[in-house]
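Take 18 as the starting number for the sequence shown in our numbering and just add one per residue.
Take a look at the structure set out below.
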Amino acid sequence: MNTTLADLKKGESAVITDVSSIEIPLKLLEMGCLPGNNVQLVQIAPFSDPMYLNINGSHLAIRKETAIHVLIEKINE
């Protein structure tokens, strides 16, 4: 089973492993959502959408429908 950004719980960290889906907007890639970058789920809005993330020091919010296309590997802390 592939783990995605949508599977993260508040405070959890992960490393992005794949963003090859055509569903991922170019703007998200330009903002640092690239394989090898660290990501942490900072906050989840009511009704679980959008998700507020910290990706290598940059803060951004993405919708859950986009987050399911970003594959990750969780970091055990």
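Beta carbons: idealized from backbone N, C-alpha and C, even for Gly.
Check your understanding: Which same chain residues, not among the five before or five after L88, have their C-beta less than 8 angstroms away from its C-beta?
Key -> Taking the sequence shown and counting its residues from 1, the one referred to as residue 88 is at position 71. Once the five neighbours on either side are set aside, the close Cβ partners of L88 are N19, T20, T21, I33, T34, D35, V36.
Check your understanding: In terms of alpha-carbon separation, which member of A84, N93, F64, D66 lies closest to I72?
Key -> The residue given as residue 72 occupies position 55 in the sequence shown. When each option's Cα is compared against that of I72, the closest is A84.
Check your understanding: Where does K44 sit, in a helix, a strand or coil, going by DSSP?
Key -> Taking the first residue of the sequence shown as position 1, residue 44 is located at position 27. It is helical.
Check your understanding: What are the partner residues of E82, as DSSP defines its beta bridges?
Key -> Taking the first residue of the sequence shown as 1, we reach residue 82 at position 65. The partner list for E82 (beta bridge, DSSP) is empty, contrary to what the question assumes.
Check your understanding: Taking the alpha carbon of E90 as the point to measure from, which residue in K27, L45, V56, I79 has its own alpha carbon closest?
Key -> Counting from 1 along the sequence shown, the entry for residue 90 is found at position 73. E90 has its Cα closest to that of V56, out of K27, L45, V56, I79.
Exercise for review: List the whole-angstrom C-beta distance separating L25 from L58, where the pair is believed to meet the contact cut-off of C-beta under 8 angstroms.
Suggested key: Within the sequence shown, residue 25 is the residue found at index 8, counting from 1. Within the sequence shown, residue 58 is the residue found at index 41, counting from 1. Contact between L25 and L58 holds, with the beta-carbon distance rounding to 4 angstroms and staying under 8 angstroms.
Exercise for review: Tell me A31's beta-bridge partners as DSSP assigns them.
Suggested key: Position 14 of the sequence shown, counted from the first residue, corresponds to residue 31. V56, K91.
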